[in-house]
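The structure appears below as C-alpha cells.
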Amino acid sequence: MAKTKTIYEKSNGLSDAHLSYCPGCTHGIIHKLVAECLVELDVLDRTIGISSVGCSALNYDFFSCDMQQAAHGRAPAVATGIKRVKPDSIVFTYQGDGDLASIGIAEAIHAAHRGENVTIVFVNNAIYGMTGGQMAPTTLIGQKTTTSPDGREEAHSGLPLKISEMMATIPGATYIERVSVHNPKHVIKAKKALKKAFEIQKNKQGFTLIEFISTCPVNWGMKPKDAVDWAVDNMIPYYPLGVFKDKTNEEAN
Amino acid sequence: MLDEKLIVAGFGGQGVMLTGQLLSYCATNKDINTLWFPSYGPETRGGTANCSVTISDETVNSPVISKPDSLMIFNKPSLAKFMPKLKKDGNLVVNASLVKDLDFREDVNVYEIEANDIALKLGNLKAANMVMLGAYLAITKIFTNKEIVAVMKEKFTGEKAQFIDLNKQALEAGKKAVETSA
Amino acid sequence: MAKVLMKGNEAMALAAIKAGADAFYGYPITPQNELPEYMSKHMKEHGRVFLQSESEVAAINMIYGAAGAGARVITSSSSPGIALKQEGISYMAGAELPAVIVNVMRGGPGLGGIQPSQGDYKQITRGGGNGDYYLYSLAPESLQEAVDLIKESFDIADYFRNPVMIAVDGLIGQMMEPVDFELETPKWDLPKKTWATDGNQKGRDKNIINSLYLDPNDLEKHDLKLKKKYDEMKRDHQRYELINMDKADIAIVAFGSTARVCRTSIQLLEEEGINCGMIRPITIYPFPSKAFDEIPKSVKDLLVVEMNTGQMIDDVKIVNEGKLPIHFYGRSGGIVPEAEEIVEKVKEIMGGE
Amino acid sequence: MKRITIIAGHYGSGKSEICTNLAFKHKVDYIVDLDIINPYFRTRSLHQEFEDAGIHLVESTIKKKLSSDLPYISGESAIPFLNKELTAIYDLGGTENGGRVLIQFSDKIDHFEDIDLLYVVNIFRMETNTVAKIVKSIKNLENEAQLKVTGLINNTNLLKETTEEMIKEGETILTSVAKELDLPIVYTVIHESLDQQKDYSGKVIRLKRLIADKFL
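Protein chains in written order, with the working numbering: chain A, 11 to 263; chain B, 228 to 409; chain C, 3 to 355; chain D, 137 to 352.
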C-alpha cells in the first residue's frame, strides 16, 4: 500500500454539513479561520457562537460548538446575555453588514460600549446577499444594487459607513482590526488578527471586533476572480486594512 | 374595628409619601392589613403628590379610596382636590401655615396645625410632615408616637438616623398642638 | 420571616431573586422602575447578574441568550416597552426558551400615559409577536399573589420551555402591602436543561438554540409541537377564583387590580341586599373557560369590568357561548374605576330587567 | 431546442412554467433553478416529479429546503456548461437582476452556438406592455447577463381569462420587437385548456400549469 500523508485537514471546529455559500464567496474561508482559532486556542468545547440573519444564518449547523441563532441585528445582545451568565465561556457573533451595520448597529455599539468580553466576526461585502443584493450601509458610492439600481448616490443614501473606524472611537472597545482574505498572505494575516481577538477574550480583556472585507460575486454580478479584484481595487482603498484600536498595546506602553 | 382610609396630599418634597408609608410600616409591624398607594410620575417632582393609606382589620380590597375617613392636607391645591371626597364627620388635618383663610366644610372635623411654624421652631422645616403626623395620631389614636418612632429606628439607617430625634420632637409637638387647640 | 411592607415592583424583584433568578436584563420605563432598581442593588449580593440594556429590544435578546445558555432569567417593562420586546418574545417561544417577563401595564396606545391600565390584554393573550404561539400569562390581584406567582412562574417557564408573562398594572407596581415571602409555592417537576448552550460541551453533542425552520414540513411539525404545550396549558393549567358565586344573581368577570376594586363593590352591593359574585381569571392565557362551567343557575347576567375599553370581553363571549347576556364596564386612560361606579352599573343592569 | 436553453423575463411572466414544460417535453438532463430573487413559485417545488422523470434538478437554495429564503448558487449549476454531453434548461430570476447570475458562467461558455437565451413576454404585465418597454428590458438584461438574447417567447395570458385574440395582440407587439432587435419568436404559449383555432409564430407550447397548481 502506498504511503499517504495528510497535508490538509478540515478543522474540528467545523461540522460535516455542506456550506450554503455560492462559489467564490469568502464566507467559507472566514468560517475556516474561526474554527481553526477556536481549536488552536483549545476553547472549542466552551464556545457558544451566535448566528445572525443573512447568508450566514444557517451557520449554527456549520460550526461544531454550541450555537444560538439570533434575530436580525440582535446577536451582540444575545452574546451579552450569554456571556454575563457564563463568563468563562467563549462567545462570538458572526454578522454581515446588513445585520451589524444597519439593523443591529445599536446592539453592536453598546456591546462595545459596555466592553462586553465577546468577539464579533463582522463580514463586510457591501451588499445584502441573502435577500438578493440590496444596498447595505457599506455599499460603495456608485455601486449598483437592486435598491440602488443607478449606483449608490451620496446625496440620497449618504457615504458608506466605516464600522471599524467608528467602533474604534468607542472607549469600551479593546481591539478592532480590519482584514481581508483575498489572497493567502492576507488569509494568514486575518487569522492572526482573529486569533488575537479570541485570545483577548480568553484573557478577559474585553470587546473585540474583526472586520473582514468579503465578496459577493453573484450579487455583485462578477466572476469570483473579478469580485476579488474588485474588492482589492474598490473596497480596500475605502476600507483600509489595519488595526484601529488595541487597548492591550496601549496598556503595555 | 379598625378600618381607616387616609389620603395624604401636598407638594412633592414635603414628605407626603414618607408620612403615609410610616403608617403602613407601623401597621405591618403590628400585623394589621394595610395598603399604601402613591400618585406617581412627574407630579412627585415638584407638583402635587399624594398617597392613599388603608389600615384595616379586614382584608384590604380596592386600593382606590373614593371616600376617605381622614385627610392630611399640606397645601392649598390638595385641599381643593380632596376635601369634597372626605366622609361626613371625617378628620381634616391641614397645615395651617400654608393653608390659610379658607372655607372648610362644616360637616367635618377640621384641625388647623401650624406645622411649618412649629417645625421651624424645632429648627428644621422638613419636620413639618412629622408635626402633621403627630397631630393625626393624636386625633385618630391609630398608633402611638412610640410605635412610629420604632419604625423610624428600623428604616432610618445611616445618615438618616440623625433625624430620628428631631422627628420624635416633631411628633410630640404635633400631638401637643391638637391637645391645646381642643 | 414575618410579613414585610414592600412596594409591588420591589416585591416582585425580591420574589424573583428568591426563585433563583440568575439574571435580570431590562431598560427603564415608568411605572416599573423600582423593579430594575431593586435588582441593581440586590442581584450582585447574590452573585447574580443585573444589566441595564441599551433598549428593550436588546434586553429581551439578552434574555434570549441567557435563557438559551440555561440560566433562569427575568425582564420587566411596561406596555410600550413590552411592545418593543415582542420580536424577542416570539423568537423565545419559537426557540422554546423559558423566561419570566413582567409587564407593569400603563395606558396606551402609543406613548399613552403612565397611570394604571389593563390595555395590553390582547397583546398579552394573543401571543403579541409574529407566529403561532402564546404566553402562559398570570394576572395577580395583590402583592402576595404577585410574589407567590413569580416564585412559581420560573418553574412554569422551565416546565413548558416557554416564556411566562406576569401581567400587572401600575397600581400593583406602585402600591405597598405587607407580603410574606416564605409562603410555600408549588414546585414543579423539572427535567435537566440538557438542551442548553451552556458553554460546557464536554461529553455531549453540540446544542443549538434556534427558531428557524426553512422547510415548511419541519416548521409545521414544530408549530404543532408548540400547540401541544398550549393545549396542555388550556387543559390542565387554567387558574381562577370564584368569589361569592353560590347565590349570585349577577357575576362580575374581572382580573388583576380591577378584580380587587370589584371585591369592594360586591361588599357594598351585599349591604344593599344584592347578591353579586365574581369570576376572577388568574391565568388570562389560558383563559379560564372552566370557571364558566361552574356558574350557578341563579346568575342571570355577566358584567365584564376592565381597565380598558373592552378587551377581555371577547374571551368571555367565546366561553359564554351565547348563554348569558354580557355587559361591560370599563375605565381607560389610566383611570382606576371606583367601587361605587361598578355598584351603579350592577344596579342599572339588575334594574333594567 | 438547443442543448442549453436559458429562460429569462419579468417576475410573473411565466418563466418557470415554461421551463418545466420544456424540461418534461424534451427530457433534458438538467433543470437549473437560478432564481435567487424570489422564493415562491419556483421550479424546485416539483422536486419529486423531476426526479421521477430522470431530470436532475439543481436548486438555487439549500437542498430540499423548499421555499427557503436563503438563495445561493450551487457550484453544480455550472456542470452543463462544462460537460457538452448534457442538455439543460436554466430558469433565471425575474428582471435584469436575475440575469446577473449568468456572469458566474461567462468564463465557462466558449461558444454560443448551442445556447439559447430566450426572453418571455406577457404583454399583460405592465412592465412589458409596449414595444419600447420590452426592448429596454431586453437590453437591460443583456447588459446585466453579458449575454445576447437569442429569441422571444410569447406568453401573453390573463390566466383563465386568456383568449386567442389576446395572444394575437401579444404576437403583434412581439413581432415589432423581433423586427427591431432582429430576433425570432421561438415559441408561443397556449394553455392546454384553450381550444387552439389560430396559427402562431414559432413553435406552440401547449402549457400545463405545473408549479402554480401546487400553490393555487
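Glycine included, C-beta positions come from ideal geometry on N, C-alpha and C.
DSSP on ALA397/B, reduced to helix/strand/coil? Here ALA397/B sits in helix by DSSP.
Please confirm if ASN288/B has its CB atom under 8 Å from at least one CB of chain C. Chain C, which has a Cβ nearer than 8 Å to the Cβ of ASN288/B, makes this yes.
Using a C-beta cutoff of 8 Å, does TYR93/C count as contacting chain A? At least one chain A Cβ lies under 8 Å of TYR93/C.
DSSP has THR103/A in a bridge; who is on the other side? In DSSP, THR103/A forms a bridge with ILE60/A, ILE130/A.
Is ALA165/A near the ligand MG, going by C-beta to nearest heavy atom under 7 Å? By its list of ligands, the structure shown contains no ligand whatsoever, and the ligand MG lies outside what it can speak to.
So, at 6 Å on beta carbons, what are the nonlocal neighbours of CYS47/A in its own chain, with the 5 sequence-adjacent residues on each side left out? Closer than 6 Å at the Cβ level, and outside the excluded window around CYS47/A, lie LEU204, LYS205, PHE208.
Can you tell me whether THR149/A is buried or exposed? The criterion is at least 16 other CB atoms within 10 Å of its CB, across all chains shown. Burial of THR149/A is indicated by the presence of at least 16 other C-beta atoms within 10 angstroms of its C-beta.
Out of curiosity, what's the CA-to-CA distance linking PRO100/C and LEU222/D? If I take the Cα positions, the gap works out to 54 Å.
Residue burial classification, LYS220/D (beta-carbon count within 10 angstroms, cutoff 16): LYS220/D comes out exposed.
Coarse secondary structure for ALA71/C, derived from DSSP in three states: ALA71/C: coil per DSSP, three-state reduction.
Determine the direct distance from the alpha carbon of ASP243/D to that of MET302/D, and round the result to whole angstroms. Whole-angstrom Cα-Cα distance: 41 Å.
Per DSSP, what are the beta-bridge partners of ILE220/A in this structure? DSSP output for ILE220/A lists VAL131/A, GLU187/A as bridge partner(s).
Considering only residues of the same chain and omitting the five flanking positions on each side of PHE52/C, which have a CB-CB separation below 7 Å? Counting only Cβ-Cβ distances below 7 Å, and skipping sequence neighbours, we find PHE26, MET41, SER42, MET45, LYS46.
Once the 5 residues before and after VAL271/D are set aside, which same chain residues still bring their CB inside 8 Å of it? For VAL271/D, the CB contacts under 8 Å within the same chain, skipping 5 residues up- and downstream, are VAL313, GLU316, LEU317 in chain order.
Rounded to whole angstroms, what is the Cα-Cα separation between ASN263/A and PHE132/A? Summary for ASN263/A: the model assigns pLDDT 49, below 50, so the residue's position carries little reliability, and this model does not support an answer.
If we count Cβ pairs, one from each stretch, closer than 8 Å, do we get three or more for the region 108 to 125 of chain A versus the region 48 to 66 of chain C? The region 108 to 125 of chain A makes contact with the region 48 to 66 of chain C: 3 or more CB pairs, one atom from each, lie closer than 8 Å.
TYR363/B: buried (16+ other C-beta within 10 angstroms of its C-beta) or exposed? It is buried - the Cβ of TYR363/B has at least 16 other Cβ atoms within 10 Å.
Residue from PRO298/C, ALA85/C, ILE211/C whose Cα sits closest to the Cα of LYS325/C: Considering only alpha carbons, the answer is PRO298/C.
Going straight from the alpha carbon of LEU108/C to that of SER80/C, what length do you get? Per the sequence shown, residue 108/C should be read as Arg rather than Leu. Going by C-alpha positions, ARG108/C is about 6 Å away from SER80/C.
Own chain partners of ASP76/A with C-beta closer than 8 Å, once the 5 adjacent residues on each side are dropped: Excluding sequence neighbours, ASP76/A sits near THR57, ILE58, GLY59.
Is it the case that the Cβ atoms of LEU277/D and ALA159/D are separated by a distance below 8 Å? Not a contact, by the Cβ cut-off of 8 Å.
Residues of chain C with a CB under 9 Å from the CB of SER283/B: which are they? Chain C residues near SER283/B: none, gap ~11 Å exceeds 9 Å.
CB-CB under 6 Å to LYS154/A, same chain, minus the five flanking residues each way: which ones, in chain order? For LYS154/A, where only same-chain residues beyond five positions count, the Cβ hits under 6 Å are GLY161.
Can you tell me which of the three DSSP states GLU186/C falls into? Taken through DSSP and simplified to helix, strand or coil, GLU186/C comes out as coil.
Within the chosen definition, does the region 238 to 253 of chain A reach the region 276 to 286 of chain B through at least 3 CB pairs nearer than 8 Å? Verdict: no, contact absent.
Interface residues of chain C facing CYS75/A [CB-CB closer than 9 Å]: Per Cβ cutoff of 9 Å: THR199, GLY201, GLN203, LYS208.
Taking DSSP as the reference, what is the three-state secondary structure of PHE254/A? In this structure, PHE254/A counts as strand in the three-state DSSP scheme.
Just the Cα atoms here: how many angstroms apart are PRO283/C and THR36/A? Looking at the two C-alpha atoms, the distance is approximately 56 Å.
Residue span of the alpha helix (DSSP H) that contains LEU150/A, given as start and end: Note, LEU150/A: premise wrong, no alpha helix (DSSP H); not H, not E.
Under 8 Å, with one C-beta from each stretch per pair, do the region 227 to 240 of chain C and the region 254 to 272 of chain C reach the 3-pair mark? As far as the Cβ criterion goes, the region 227 to 240 of chain C does not touch the region 254 to 272 of chain C, which means the pair count is below three.
If we define contact as Cβ-Cβ less than 8 Å, is GLY252/A a contact residue for chain D? Not an interface residue.
Check each residue of the region 288 to 320 of chain D: if its Cβ is closer than 9 Å to any Cβ of chain A, include it; give the result in chain order. Those residues of the region 288 to 320 of chain D that come within reach of chain A (Cβ to Cβ, closer than 9 Å) do not exist; the list is empty.
Give me the DSSP bridge partner(s) of GLY278/C. Position check: residue 278/C holds Cys in this sequence, whereas Gly was assumed. According to DSSP, which records beta bridges pairwise, CYS278/C is partnered with ILE252/C.
Would PHE309/B count as contacting chain C if we go by Cβ distances under 8 Å? Not flagged as an interface residue toward chain C: PHE309/B, since no C-beta distance is shorter than 8 Å.
Should THR157/A and MET140/A be called a contact, given that it needs their Cβ atoms to be closer than 8 Å? Against a cut-off of 8 Å, the Cβ pair of MET140/A and THR157/A comes out as no contact.
In three-state terms, what does DSSP make of LEU37/C? The three-state secondary structure of LEU37/C, taken from DSSP, is helix.
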